[in-house]
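Okay, so the sequence shown: first residue is 1313 according to our numbering, each after it adds one. Inspection log for the structure reproduced underneath, given as structure tokens.
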Amino acid sequence: MCYLHVQVVIFFRTNSTNYSNHYCVWDMIHSINPKYTPPTRDYLANQLIPTWYKIEKSNVISELAEVHSVALICDSWTSIAQDHYLTVTAHYLVEGKMKQKVLQTKAVYTAQTGHVVAEEIVDILKDYGIFDKVVAATVDNAANMDVAIKRLEFVKLGCFAHTLNLAAQSLYSLTAVTQWTAKLRAIIVWMKRSSMAKVVLREKQDLLKLPQHSLTLDVRTRWNSLYLMMERFLEQYPAIQAASLDQRLRKNMERDRLARLSDEDFRKAEDFINLMRVLYTSTLCVSTEKNPTCGQILPILKKLEMHFTAVEGDTVFITNLKKQVWANLSKRYQSEDIRNFLEVATALDPRFKLNIGGDDDAVWDRIKRDMMKDSEHEQQSTEDDCGEGSEKRDENDEVEEEDENQQPPSKHPRKSPLEELFADEDAEKMSSHRRTMSIQDKAEKEIQMYKETPPTFTSDDPAAWWWNQRMTYPLMSNTAFSYLCVQASSTPSERVFSTAGDTICAERSRILPEKADMLIFLNKNCF
């Protein structure tokens, strides 16, 4: 009952700032067991939560010890108390399912140079024993993160969602866009600032049977905010127009401003929504946490290139938008190392293996080398484990002999008459099975089989597909798991910061960073 109480308390402390919910918790517990006495604040904060944290952290370390490859997402955040935090999350595959764990939300009090960030990440990784298992790290475009990942010699993958957002934000630099959006933004600001306008707008929404959605304003730091503002404006324009003509709103100047919007302005809004919807959808595609996303980057970029290529019939407005967005996107992921990594990840994604976009032969050669390298590494690890086991057996020969003397002799299963009759043939078959092909031949055979297999549908989970096909592709599946665990965007860290914002809110701004780390860890890893 005590740990159930702790779980409920942590859930509410990290997901709600409404203290009335906490009293509901006490009432619920009292209804279940009136004799139960809740723990004191001091006992809960200094005994129960730290103990639970140690247990869960030990479980995470044990789980990561069984994992072959791990990908990281690193990002920083500043709380309302002006404490700076570094969050590191680990992503890996277990039985064909994507898993993620928040390793630490660490408070830092030194200048966050690239060298310092690298040392902080190393401390976290060594604490969990996964430093040698890291395949790649997904980070934003901050310079210190770039330097830190290079110092650690990890493959550094820029957040693809952030990249798409930067391309969308580049439209603010176009004079035609800023002047056009200023007209619409002024109307939205007027509707949002007036309390009576909100009431009238709601009445018109009911009358016109429109969704009762509030108008939204664009914020340059918010992903796709300009697209969302335009989409909501077009949806609610009939209600906005009807509200502006209502006698209760006597701001003639503002109604005149609405009247000054021409048909051309609305055609631009419709064209803008149709053009930028694919960018918004692409952001959603790579922001998921439950499926591998790294293999989607190159296919999405290829589709965006086709979508943002100017064609005959485009208006001047649309042509300028397309050129501006693609000019920004075309600069990304041009590093040879990053490009090679993404090409392999795309080839190992059964949904997009035909959309590599580079030299196919070179990509498959890299995959074959990775397969052979992974196989040799696994074989070496097995031999090392066997060597350690033999040394332990030599040290404990006497104990093992005593145990063997105590155990009854093992009984060989009795052969059936058919097995006895064809024993020689079975022995020959067993001998032929043991004469296996070389690792290189196995790798080439698996690659050829995989290339001849039709691509799967985009709705399929590539991690689950490789897990189900691991017996057919024993070498290739291990390599695929190493790439598919890498995430295309850093949105998991952004979601951690949302939880952190609920934990370190205005009402709890004095919470110690160590306690905040425990609460965030337990909330994200246990619920």
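Virtual Cβ for every residue (Gly too), placed ideally from N, Cα, C. The structure displayed is predicted, hence computed values, not measured ones.
Residue environment, residue i, which counts as buried when at least 16 other CB atoms sit within 10 Å
i	result
Lys1665	buried
Asp1829	buried
Tyr1628	Per the sequence shown, the amino acid found at residue 1628 is Val instead of Tyr. Exposed, because fewer than 16 other Cβ atoms sit within 10 Å of the Cβ of Val1628.
Ser1702	Caution applies to Ser1702, whose pLDDT of 47 falls short of 50 and renders its modelled position unreliable; the model cannot decide the point.
Asp1709	The predicted model places Asp1709 with a pLDDT of 46, which falls under 50 and marks its position as unreliable; any figure quoted below should be read in that light. It counts as exposed.
Asp1435	exposed
Asn1640	buried
Phe1833	buried
Thr1363	exposed
Thr1349	exposed
Phe1839	exposed
Gln1718	Only weak support is given to the placement of Gln1718: the predicted model assigns it a pLDDT of 44, under 50, and the value that follows is read from those uncertain coordinates. By the neighbour-count rule (16 or more Cβ atoms within 10 Å), Gln1718 is not buried but exposed.
Leu1591	buried
Thr1784	exposed
Tyr1484	exposed
Lys1741	exposed
His1474	buried
Tyr1421	exposed
Tyr1355	exposed
Thr1352	exposed
Glu1819	exposed
Ala1792	buried
Glu1648	exposed
Ser1381	buried
Leu1730	exposed
Ala1480	buried
Thr1533	exposed
Asp1773	buried
Leu1557	exposed
Asn1345	exposed
Ser1332	Bear in mind that the predicted position of Ser1332 carries a pLDDT of just 49, short of 50, making it too unreliable to give a figure here.
Nearest-angstrom Cβ-Cβ length linking residue i and residue j, presumed shorter than 8 Å
i	j	result
Tyr1539	Met1508	Incorrect: roughly 29 Å between the Cβ atoms, too far for contact.
Ile1442	Ala1402	7 Å
Leu1796	Gly1607	7 Å
Leu1486	Asn1632	6 Å
Val1372	Lys1445	With a Cβ gap of about 14 Å, Val1372 and Lys1445 do not count as contacting.
Ser1821	Ala1393	5 Å
Lys1504	Leu1573	Lys1504 to Leu1573, Cβ: 17 Å. No contact.
Ile1679	Ala1659	6 Å
Trp1502	Thr1595	The pair is not a contact, with the Cβ atoms about 29 Å apart (cut-off 8 Å).
Ala1812	Ser1388	The pair is not a contact, with the Cβ atoms about 11 Å apart (cut-off 8 Å).
Ser1482	Val1637	7 Å
Gln1553	Leu1522	No, Gln1553 and Leu1522 are not in contact; Cβ-Cβ is about 12 Å, not under 8 Å.
Pro1825	Asp1439	Actually they are not in contact, since the Cβ atoms of Pro1825 and Asp1439 sit about 16 Å apart, beyond 8 Å.
Contact under 7 Å by Cβ, residue i with residue j
i	j	result
Lys1468	Ala1455	no
Thr1768	Pro1662	yes
Trp1492	Lys1580	yes
Ser1599	Ser1343	no
Ile1759	Trp1676	yes
Leu1398	Lys1418	yes
Ile1433	Pro1804	no
Met1457	Ala1775	no
Leu1787	Lys1754	yes
Ala1551	Leu1527	no
Ser1778	Ser1789	Looking at the sequence provided, one finds Trp at residue 1778 rather than Ser. Yes; because the gap between Cβ atoms is below 7 Å, this pair is in contact.
Ala1430	Leu1464	yes
Pro1611	Asn1667	yes
Ile1585	Met1541	no
Lys1808	Val1414	In the sequence on display, residue 1808 carries Val and not Lys. Yes, the Cβ-Cβ distance between Val1808 and Val1414 is below 7 Å.
Ala1555	Lys1516	yes
Ile1630	Asp1682	no
Val1447	Ser1687	no
Pro1650	Phe1472	First, the amino acid is wrong: residue 1650 is Ile here, not Pro. Not closer than 7 Å, so no.
Val1798	Ala1383	yes
Pro1500	Leu1529	For the record, residue 1500 in the displayed sequence is Ile; it is not Pro. In this structure, Leu1529 lies closer than 7 Å to Ile1500 by Cβ.
Gly1426	Asn1453	no
Gln1412	Val1400	no
Residue(s) in a DSSP beta bridge with residue i
i	result
Ser1388	Leu1398
Val1406	Lys1409
Lys1613	Note on residue identity: the sequence assigns Leu, not Lys, to residue 1613. For Leu1613, which the question treats as bridged, DSSP gives no partner whatsoever.
Lys1643	Lys1643 pairs with nothing; no bridge assigned.
Lys1418	Leu1398
Ala1383	His1403, Ala1448
Contact with chain B by residue i, beta-carbon distance below 7 Å
i	result
Ser1802	No chain B is part of this structure, which consists of one protein chain only.
Residue ranges of each alpha helix (DSSP H) run of no fewer than 4 residues wholly in the stretch 1448-1489, ordered along the chain?
-> 1455-1464, 1472-1481
With a floor of 4 residues, list each alpha helix (DSSP H) that falls wholly inside the stretch 1532-1602, ordered by position along the chain.
-> 1537-1556, 1564-1571, 1575-1597
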